[in-house]
Amino acid sequence: MKKQLFTIAACIAISLATSAKAETLVFAGPGGSWQKIMEPLIIKPFEKECGCTIKYQPGSSNNNLARVIATKENPDIDVMYSGNLQQIQGAAQGLFLPLKTEMMPNLGNVWPKLLDDKKTNAFLGVIGGGFAYNTKIFKEKNLAPPTSVMDMLRPEFKGRLVIEGASSNYGIGMLVLMAEANGGGVNNIEPGFDFAKKVAPSVVVFARKTSDTSRALQQGSAWLAWWGDVRARTLSSTGFPLKWVTAKEGVPPIIMGASVVKGSKVADMGFRLINHLLSKEVQEVLASKLNIGPTVKNAELALDVSDRVIYGPDEVGKLMKIDWLKVAEHKAEWIDRWNREVQGRK
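Each residue of the sequence shown is one higher than the one before, counting from 24 in the working numbering.
Shown next, in the form of structure tokens:
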């Protein structure tokens, strides 16, 4: 009898151990170069540490949020890593769990300005919106580099500008900046649309995806773009003569963040993963390999890295404080207006 009980207990122990090892977390994040860096350098070390399996599901921020919404009754994503607008949209719809701060000590190192007031999203990296310009063409034509959003109206840039529409995080941040630069803001977006309509004749391409902007710059049809610092510096790292600069009116940020999806069967593992993403070491990898500004104060970057990312109290302080919840409330309306009133005027 004792032998039989021992055998049963051993089988249960083996079953539990196998079950723990078999735990899988689905991590939805950006594809392309992001996935190529994050999987081997960030995700795999965490798998080894936790004895778990992480399935990386690549997709855009909008597509991953749509997936979380579509499967909310039985989620097939455990952690969503995306731009802050999608993080805030998801939180507003009750799709994410409150952060378990007791399992996430690295949250204590995040810059106060980059903490989520609702405590459902952990912000993990900063990307800034600004100008990217072809330094070779600017030098050949003796053009002054852009310093202000108003420079989009300079006559020499007519037919030489590429921007994204309001459906993208870069584009909607640019629209808010256009509004603020002309006396409005999130609560009064009309000056932004009025300015965008004036800019429209200068646009050679309204980019639908990152490759559209990259192609327009590389082919020389565009000399100037409104783009994110990460994307611009990725292209310039190939040897293409491109420089990224901020507009004096402000830097609309895209703050990459992560949340644990409500209903996840591996929620605690998700909180541990997010804490890992906030570690000093991971934040330094994200900065050096993906040109994403760290959100934690204790990250230490080499000079050649700090020069190409948003880093430190001064640069974090320059980031625009945008009411992203208000943006989320009006996003569908603004996209529709942009398509009709701005792109439709081309």
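Heads up, the beta-carbon is just placed ideally off N, CA and C, and yes, glycines get one too.
For this session: Determine the closest residue to ASN144 out of PHE294, ILE60 and CYS73, with distance taken between C-alpha atoms.
Result: On the sequence shown, position 121 is the one that residue 144 refers to. The candidate whose alpha carbon is nearest that of ASN144 is PHE294.
Exercise. Does the region 319-336 come close enough to the region 104-116 that 3 or more CB-CB pairs lie under 8 angstroms?
Worked result: no
Exercise. Just to confirm, are SER287 and ASP101 a CB contact at a threshold of 9 angstroms?
Worked result: To locate residue 287, count along the sequence shown from 1; it is residue 264. To locate residue 101, count along the sequence shown from 1; it is residue 78. Cβ distance < 9 angstroms, so SER287 and ASP101 count as in contact.
Exercise. Can you find a heavy atom of the ligand NAP that lies under 8 angstroms from the Cβ of GLY131?
Worked result: Questions concerning the ligand NAP fall outside what the structure shown contains, since it holds no ligand whatsoever.
For this session: Please report how far the alpha carbon of LEU64 lies from the alpha carbon of GLN80, in whole angstroms.
Result: For the purposes of this step, residue 64 is identified with residue 41 of the sequence shown, where counting begins at 1. For the purposes of this step, residue 80 is identified with residue 57 of the sequence shown, where counting begins at 1. Distance between the alpha carbons of LEU64 and GLN80: 16 angstroms.
Exercise. Just reading off the beta strand (DSSP E) that VAL319 is part of, what are its end residues?
Worked result: Locating residue 319 in the sequence shown gives position 296, counting from the first residue. Looking at the DSSP string, VAL319 is not in any beta strand (DSSP E), and its letter there is neither H nor E.
Exercise. What is the rounded straight-line gap between the Cα of VAL209 and the Cα of LYS349?
Worked result: As a position in the sequence shown, residue 209 is number 186, starting the count at 1. As a position in the sequence shown, residue 349 is number 326, starting the count at 1. Near 7 angstroms, if we compare the C-alpha coordinates of LYS349 and VAL209.
Exercise. What's the C-alpha gap between LEU108 and HIS353?
Worked result: Locating residue 108 in the sequence shown gives position 85, counting from the first residue. Locating residue 353 in the sequence shown gives position 330, counting from the first residue. Approximately 12 angstroms between the Cα atoms of the pair.
For this session: Measure how close the beta-carbons of GLY152 and GLY196 come, nearest whole angstrom, since I'm counting them as under 8 angstroms.
Result: The residue you call residue 152 lines up with position 129 of the sequence shown. The residue you call residue 196 lines up with position 173 of the sequence shown. 5 angstroms between Cβ atoms; contact.
Exercise. For the alpha helix (DSSP H) that SER329 lies in, which residues bound it at each end?
Worked result: As a first step, residue 329 must be located in the sequence shown, where it is residue number 306. Residues 326-329.
For this session: Report the rounded CA-to-CA distance for MET61 versus PRO178, giving the unit in angstroms.
Result: What you label residue 61 is simply residue 38 of the sequence shown in a count that begins at 1. What you label residue 178 is simply residue 155 of the sequence shown in a count that begins at 1. Their backbone Cα atoms lie some 42 angstroms apart in a straight line.
Problem set entry | Cβ-Cβ distance between LEU176 and VAL274 below 9 angstroms | Looking up residue 176 in the sequence shown gives position 153. Looking up residue 274 in the sequence shown gives position 251. Not a contact, by the Cβ cut-off of 9 angstroms.
Problem set entry | DSSP beta-bridge partners of VAL283 | Residue mapping note: residue 283 aligns to position 260 of the sequence shown, counting from 1. Paired residue(s): VAL102.
For this session: Note down, one range per segment and in chain order, each beta strand (DSSP E) of at least 3 residues found wholly within the region 143-184.
Result: 145-157
Problem set entry | Three or more C-beta pairs below 8 angstroms linking the region 70-88 and the region 123-141 | no
Problem set entry | Residues of its chain near ASP291, where Cβ-Cβ distance is below 8 angstroms and the 5 sequence neighbours each way are ignored | What you label residue 291 is simply residue 268 of the sequence shown in a count that begins at 1. Result list for ASP291: LYS123 and MET126, in chain order.
For this session: Compare the beta carbon distance of TRP249 and PHE180 with 9 angstroms and say whether it is the shorter of the two.
Result: Position 226 of the sequence shown, counted from the start, is the residue given in the question as residue 249. Position 157 of the sequence shown, counted from the start, is the residue given in the question as residue 180. No. Outside cutoff.
For this session: Can you give me the start and stop residues for the alpha helix (DSSP H) that LEU313 sits inside?
Result: As a working note, residue 313 is residue 290 in the sequence shown. First-last of the alpha helix (DSSP H) with LEU313: 303-313.
For this session: With a 10 Å radius around its C-beta and 16 neighbouring C-beta atoms as the bar for buried, classify ALA93 as buried or exposed.
Result: Locating residue 93 in the sequence shown gives position 70, where the first residue counts as 1. ALA93 is exposed by the Cβ-count criterion.
Problem set entry | Three CB pairs or more closer than 8 angstroms across the region 306-315 and the region 238-255 | yes
For this session: Assign THR76 to one of three DSSP states: helix, strand, or coil.
Result: Position 53 of the sequence shown, counting from 1, holds the residue named residue 76. The answer is strand: DSSP assigns THR76 an E or B state.
For this session: State the CB to CB distance for the pair GLN242 and PHE263, rounded to an integer number of angstroms; the pair is presumed to be in contact (CB under 8 angstroms).
Result: Your numbering for residue 242 matches position 219 in the sequence shown. Your numbering for residue 263 matches position 240 in the sequence shown. The pair is not a contact, with the Cβ atoms about 11 angstroms apart (cut-off 8 angstroms).
For this session: In the DSSP assignment, find the unbroken beta strand (DSSP E) run with PHE50 in it and report its ends.
Result: The residue labelled residue 50 in the question sits at position 27 within the sequence shown. Taken as a continuous stretch (DSSP letters only), the beta strand (DSSP E) holding PHE50 covers 47-52.
Exercise. Does the region 353-368 come close enough to the region 187-194 to have 3 or more Cβ pairs within less than 8 angstroms?
Worked result: yes
For this session: Kindly say whether GLY194, judged by its beta-carbon, lies nearer than 9 angstroms to any beta-carbon of chain C.
Result: Within the model displayed, chain C is absent; a lone protein chain is all it includes.
For this session: Can you check DSSP and say which residues form a bridge with LEU342?
Result: For this step, residue 342 is matched to residue 319 along the sequence shown. Partner(s): VAL274.
For this session: Give the DSSP-derived three-state secondary structure of TRP249 in the structure shown.
Result: Position 226 of the sequence shown, counting from 1, holds the residue named residue 249. Three-state DSSP puts TRP249 in a strand.
Problem set entry | PRO169 to THR76 span [Cα, whole Å] | Translated into the one-based positions of the sequence shown, residue 169 becomes position 146. Translated into the one-based positions of the sequence shown, residue 76 becomes position 53. CA-to-CA, the gap between PRO169 and THR76 works out to about 47 angstroms.
Exercise. Should LYS26 be labelled buried (16 or more other beta-carbon atoms within 10 Å of its own) or exposed?
Worked result: Translated into positions along the sequence shown, residue 26 becomes position 3. Legend: pLDDT at LYS26 = 46, less than 50; position of this residue unreliable, no value from coordinates given.
Problem set entry | Three-way DSSP call (helix, strand, coil) for PRO121 in this model | Position 98 of the sequence shown holds residue 121. Correct three-state label for PRO121: coil.
Exercise. So GLN263 is in the beta strand (DSSP E); what residue range does that whole segment cover?
Worked result: On the sequence shown, position 240 is the one that residue 263 refers to. Gln is not the amino acid found at residue 263; the sequence shown has Phe there. Run containing PHE263: none; DSSP gives neither H nor E here.
For this session: Helix, strand or coil for ALA219, going by three-state DSSP, please let me know.
Result: As a first step, residue 219 is located in the sequence shown; it is residue number 196 there, counting from the start. DSSP places ALA219 in helix when its eight states are reduced to three.
Problem set entry | When LYS221, PHE146, ASP235 and VAL289 are compared against SER187, the one with the closest alpha-carbon | The count along the sequence shown starts at 1 and reaches residue 187 at position 164. This sequence places Glu at residue 187; Ser is not what is there. The alpha carbon of GLU187 has as its nearest neighbour, out of LYS221, PHE146, ASP235 and VAL289, the alpha carbon of ASP235.
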